[in-house]
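J.:
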Amino acid sequence: MLSFLIRRLGQSLLVMLAVALLAFSMFRFVGDPITSMISQDASVEEREQLRDSLGLSDPLYVQFSTFVVQAAQGDFGISYRNQRPVSDLIAERMPATLELVAVAFVISLLVGVPMGVYSALKPHSWLSHVFQTLSLIGISLPTFVTGILLILTFSVTLNWLPSFGRGEVVQIGWWSTGLLTASGLKSLILPGIMLGLFQVTLIMRLVRAEMMEVLRTDYIRFARARGLSNRAVNFGHALKNTLMPVITIIGLQLGAMIAFAIITETVFQWPGMGFLFIQAVSFVDIPVMSAYLLLVSLIFVVINMIVDMMYFMLDPRLCADRGTANSH
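Quick note on our numbering: the sequence shown kicks off at -5 and runs consecutively.
(1) For the region 189 to 258, list the alpha helix (DSSP H) runs that are entirely contained and at least 4 residues long, ordered along the chain.
(2) Would Ile241 and Met304 be called neighbours here (beta carbons separated by less than 7 Å)?
(3) Please classify Ser170: does DSSP put it in a helix, a strand, or coil?
(4) Classify Thr195 as buried or exposed, calling it buried when 16 or more other Cβ atoms lie within 10 Å of its own Cβ.
(5) Secondary structure at Met303, three-state DSSP: helix, strand or coil?
(6) Which residues in the same chain have their Cβ closer than 8 Å to the Cβ of Gln263, if we skip the five residues on either side of it in sequence?
(7) Between which two residues does the alpha helix (DSSP H) harbouring Gln43 extend?
(8) Can you give the beta carbon distance from Ala65 to Leu288, rounded, assuming they're within the 8 Å contact cut?
(9) Here's the rule: buried if 16 or more other CB atoms are within 10 angstroms of the residue's CB, otherwise exposed. What is Ala232?
(10) Taking the straight line between their C-alpha atoms, what separation do you get for Phe254 and Val208?
(11) Less than 7 Å between the C-beta atoms of Ala274 and Val261, yes or no?
(12) In or out: Pro117 buried (at least 16 other Cβ within 10 Å) or exposed?
(13) Hey, Ser284 and Ala85: beta-carbon distance below 7 Å or not?
(14) For a quick check, are the C-beta atoms of Gly266 and Arg78 less than 7 Å apart?
(15) Can you tell me the Cα-Cα spacing of Arg218 and Leu200, whole angstroms?
(16) Tell me the rounded alpha-carbon separation between His322 and Pro239.
(17) Starting from the C-beta of Arg225, find all residues in its chain whose C-beta is less than 7 Å away, skip the five residues before and the five after it, and write them out in chain order.
(18) What's the C-alpha gap between Val107 and Met198?
(19) Does DSSP put Pro79 in a helix, a strand or coil?
(20) So what's Gln165 in DSSP terms, helix, strand or just coil?
(21) Rounded to whole angstroms, what is the Cα-Cα separation between Ile145 and Met109?
(22) When burial is assigned at 16 or more other CB atoms within 10 Å of the CB, is Ala12 buried or exposed?
(23) What residue does the alpha helix (DSSP H) around Val139 start on, and which one ends it?
(24) What are the partner residues of Ile72, as DSSP defines its beta bridges?
(25) Count the other C-beta atoms from every protein chain shown that fall within 10 angstroms of the C-beta of Gln247, then say buried if there are 16 or more, exposed otherwise.
(26) Just to confirm my understanding: we take Met299, look at its own chain, exclude 5 residues before and 5 after, and list those with CB closer than 7 Å. What are they?
(27) Under DSSP, the alpha helix (DSSP H) around Gln57 begins and ends at which residues?
(28) For Phe(-2), which residues from the same chain have a beta carbon less than 6 Å from its beta carbon, with the 5 sequence-adjacent residues on both sides left out?
(29) Can you tell me whether Ile256 sits near the ligand FAD, meaning its C-beta is under 6 Å from at least one heavy atom of the ligand?
(30) Within its chain, find whatever has a CB closer than 6 Å to the CB of Glu162; leave out the 5 residues flanking it on each side and keep chain order.
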């Protein structure tokens, strides 16, 4: 287990270095940062002085090393648009994105897994056909269309829920949360459903397919022949063995939800990191764009490591196979 962790950490560092090189390339080759940071009336001497102070006159390998060291310390430079440290901007927006993703993730698990299990156990019931139809609609509709329909129905027509913003938030240290206020909770519902709807359909179809496959295996027939109850066979054996591929997909989808919450945050003007990234793209704010790229990559790397570790916990055969391979 320890050698596995060390190897995965080494691979993760290589991935992050590759992403850092890509982010650094954005800094270096997508426009001249001096043009964005200084007045057009500035003299050549003033431009050169600022270039020297930012280290842009140093060799490329020195600039890249400095960029990596500063990024590892959480220093992503100054936002061209806001003239504030990028790390401060991200720290302000991160709670909004993480709370939105957490709500969407909980919705997708609480709805998707039971729907998938029921569809696998009773594939010919009318409710299973309804689930299949809903999942087909949910997975086919573009996300922004779902958001617009939700706003039109629940905000414009019924006037039940707010159509934009985060509502009132409570400050707990540096973390701002909308989970402790009524308007904050109401503001979370529509974007949470929009972000989680695709995941619900994906998880439901995946759980259904995997569980139906497991239910046809020999050891399930053997378990039934031993006289075990349907509950023990379905949930103690079949569902447990269904979870392996499901965990992989859910883990990767969790990273994707954080990375691609951009559309949801844009539709609902949700003040999260995705909305900040869209504003940065509009103003070619390279420091914010590269910091977002690095942060999202780090989230994917960490989630992949957690998923791999959960493999070992759920399937002891992996440890046994690795030990056998090492002994040869």
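Idealized CB from N, CA, C, for every residue including glycine. Note that the coordinates shown come from a computational prediction; the quantities given were computed from them, not determined experimentally.
T.: Reading off the structure:
(1) 212 to 219 and 233 to 253
(2) yes
(3) strand
(4) buried
(5) helix
(6) Phe158, Gly159 and Phe269
(7) Val38 to Ser47
(8) 6 Å
(9) buried
(10) 32 Å
(11) no
(12) exposed
(13) no
(14) no
(15) 24 Å
(16) Below a pLDDT of 50, predicted positions are generally treated as unreliable, and His322, at 47, falls in that range; no measurement from the model is reported.
(17) none
(18) 6 Å
(19) strand
(20) strand
(21) 25 Å
(22) exposed
(23) Thr137 to Leu144
(24) Pro79
(25) buried
(26) Arg2 and Ser6
(27) Leu54 to Ala66
(28) none
(29) What this structure holds is no ligand at all, so the ligand FAD is not there to describe.
(30) Thr175, Ser177 and Gly178
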